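What follows is the structure, given as structure tokens:
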């Protein structure tokens, strides 16, 4: 497995000398190849943009590709903790990988900051003082979608998601808020690309709408096949299936779809406006939801390093909990279980020139906290 070292150093110095000077070492394990690689690339690029903009000496970021394989992620994490001696870990996209890595990492005294995966177990009974989620708890965007479905008058949804922790949390979250009936509920195979059987079931179900969570290439495959099937039921989803990197591949099939997100490029604050411009200038593309989460995660770490070093765990933990940074989301704070309390928006897929993107049309849930905090005994 290839290791990428990125050193945030003001002066150009040889790599070995720079590494020796690093005061804080961050280990990033994320998906950079195979299915879902675009998500990991965006998290990495957003994170490193913030590190580079900060420009401080003494921060080293070691990046490795987990290939979306739990066993690979575990091996990399062990090496980073035991050999690389990282202070902080981040980067994991997929909840099954997070469940394999995070408990062991935090038990060894390492801080883990999630820029994406937010499994319910780590928000509730298996929470840990050294674990912070900077994105969401998995259910959150789906809860907002359920609330939107009620407002839109949808009464009989057919719902589907992959059979892994985030997929299970997704449908749980939707059902927590949704007040209508279910025409059907399916868990698909993680990584599945052929949805002919599922679409046939939707057609025969009597549903008045479809709610699905299929991130990355899974969502691209489903939407293209759904658009070509002749089934014309309205589709609702979370941002994961309608994010910037996915929309260009889906094209016209996504236009008009309503989806839920805690971020969008048109959130009106200075930090977000500057982030969107600087990301596009550096990478030649609009930032995605995942890029925004990587950017916020890095800036949270940097804000904590302004106050304490990771070796002083109590002080560093308190600095993270304070979340004293300019989030691209605007309003942002942590609950007692170290998961965000934040607004979640309803977006609509639109076209700006030749580019498919999203615009915010409503606030779905205001200052929303997750449902598992009461189970956390920190």
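Numbering (mature numbering (1 follows the signal peptide of the UniProt record, and there is no 0)), first residue to last: -17 to -1, 1 to 361.
Yeah, the Cβ is synthetic: ideal placement off N, Cα and C, and Gly gets one too.
All of these numbers come straight from a predicted model, not from anything done at the bench.
For residue 13, there is no enclosing alpha helix (DSSP H); the residue is found in the beta strand (DSSP E) stretching over 7 to 13.
The continuous alpha helix (DSSP H) containing residue 279 extends over residues 272 to 288. A check of alpha carbon separations from residue 24 across 361, 276, 359 identifies 276 as the nearest.
Leaving aside the five residues that flank residue 303 on each side, the residues in its chain whose CB is nearer than 7 angstroms to its CB run, in chain order, 115, 283, 287.
Per the coordinates, the alpha-carbon of residue 50 lies some 16 angstroms from the alpha-carbon of residue 201. For residue 351, the pairing in a beta bridge is given by DSSP as 325.
Looking at the DSSP output, residue 345 bridges to 329.
C-alpha of residue 59 to C-alpha of residue 208: approximately 36 angstroms in a straight line.
Residue burial is scored here from C-beta neighbours: residue 263 has fewer than 16 other C-beta atoms within 10 angstroms and is therefore classed as exposed. Beta-carbon to beta-carbon, residue 122 and residue 103 are separated by about 7 angstroms, close enough to satisfy the 8 angstroms threshold. Taking the Cα positions, residue 214 is about 6 angstroms away from residue 186. Excluding residues up to 5 positions away in sequence, 141, 166, 167 lie with their Cβ nearer than 6 angstroms to the Cβ of residue 188 in the same chain.
Between residue 232 and residue 132, the alpha-carbon positions lie close to 26 angstroms from each other. Residue 29 and residue 15 have their C-alpha atoms roughly 14 angstroms apart. Here DSSP, grouped into helix, strand and coil, assigns residue 194 to strand. According to the DSSP assignment, residue 242 belongs to the beta strand (DSSP E) that extends over 241 to 244.
For residue 98 and residue 75, the gap between their C-alpha atoms comes out near 7 angstroms.
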